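Residue numbers (our numbering): 346 to 590. Positions of the beta carbon are idealized from the N, C-alpha and C atoms, including for glycine. Since this is a predicted model, take the numbers as computed values, not measurements.
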C-alpha cells in the first residue's frame with residue numbers, strides 16, 4: 346500500500362500516546378541511596394503533571410478520546426493547546442476535520458493543524474498541506490481568517506510564555522531550598538497502587554523538565570522521535586507562498 350502524507354486518526358493516537366502515556370513499568374535505574382529512578386514513572390506522576398499543564402491535559406484528552414468521549418477530549422486538548430502543546434493542537438485540528446465531538450469544520454481544522462505545524466515538524470506539515478489541497482477556495486479564505494484568531498490566543502509567541510511562567514513558579518517552590526537548588530532533596534510521589542515512592546530530587550527536577558529553553562528542546566525532540574518514519578517526505582510539495590496565511 347502506498348504511504349501517504351495524511352495521518353489517519355488511529356495513527357495520531359498511537360503516535361501521541363507514545364509521548365504522553367508512558368509505561369510506568371519501564372526498567373528502573375538506581376538513584377541516590379538506592380531510590381527508584383524512572384523517568385516514565387516521574388513523568389506520569391500527578392505532582393509532575395500538575396506542574397506541566399500541557400502534558401496533563403494532553404494525557405486527559407487522550408484518555409477521553411480512547412473512551413470515545415470526544416466532547417471532553419476536545420476540552421482537554423484545548424486546555425493543553427493554551428500552553429503551547431503541539432500534539433494537542435494537532436488533535437484539535439484532526440477532530441474538526443473528522444467531526445469528532447464537534448461539527449465538521451475544514452477551515453478550523455486547517456487553522457489548528459497549521460498552528461500545530463508552527464515549529465516545522467515534517468509530519469504536521471504534511472497533514473497541513475493535505476488539508477489545504479482538499480479545501481475549496483472559499484474554505485481556504487475562511488481558514489486564513491480563522492487562523493489569525495487561533496494564533497493570537499494559542500500561538501507559540503503567547504502560549505509558551507504561559508507554560509514558562511508555570512515552570513518557573515513550580516521550580517521556585519522546591520522544598521528545603523531558599524535558592525532553588527535541589528541539594529539532597531528527595532521527592533515523594535504516589536505509586537500506581539497508591540503507595541508513596543521516594544525519588545531523587547535531582548531527577549524529578551531535571552533541567553529538561555523545568556528549564557524553559559531545555560524543556561522546549563526536549564518536547565520537540567520527543568515529537569520528532571515519535572513521528573519519524575510515519576511520513577514519506579517525497580509526498581511533500583512546496584505550496585505557493587501567496588496561497589498561505
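Where do the N-terminal and C-terminal ends of the alpha helix (DSSP H) with residue i fall, by residue?
i	result
residue 458	451-461
residue 447	Premise fails: residue 447 is in no alpha helix (DSSP H) and is neither H nor E.
residue 543	Segment 541-545 is the beta strand (DSSP E) holding residue 543; no alpha helix (DSSP H) there.
residue 496	482-499
residue 473	467-478
residue 550	Looking at the DSSP string, residue 550 is not in any alpha helix (DSSP H), and its letter there is neither H nor E.
Note down the Cα distance separating residue i from residue j, rounded to an integer number of angstroms.
i	j	result
residue 548	residue 511	19 Å
residue 502	residue 533	35 Å
residue 446	residue 398	22 Å
residue 546	residue 394	16 Å
residue 492	residue 392	34 Å
residue 520	residue 486	Unreliable positioning characterises residue 520 in this predicted model, as indicated by a pLDDT of 49, which lies under 50. A coordinate reading is not provided.
residue 386	residue 465	30 Å
residue 499	residue 544	34 Å
residue 518	residue 428	20 Å
residue 481	residue 508	36 Å
residue 496	residue 461	10 Å
residue 490	residue 441	16 Å
Candidates the options: which alpha carbon is nearest residue i's?
i	options	result
residue 456	477, 559, 506, 542	477
residue 563	441, 400, 453	400
residue 437	422, 449, 428	422
With residue i as the anchor, note down where its beta strand (DSSP E) starts and where it stops.
i	result
residue 533	531-535
Next on the checklist: Quick check on the DSSP output: what are the complete alpha helix (DSSP H) runs of length 4 or more inside the segment 373-435, in order along the chain?
Outcome noted: Runs of the alpha helix (DSSP H) lying entirely within the segment 373-435, each at least 4 residues long, are 384-389, 391-395, 398-412, 415-426 in chain order.
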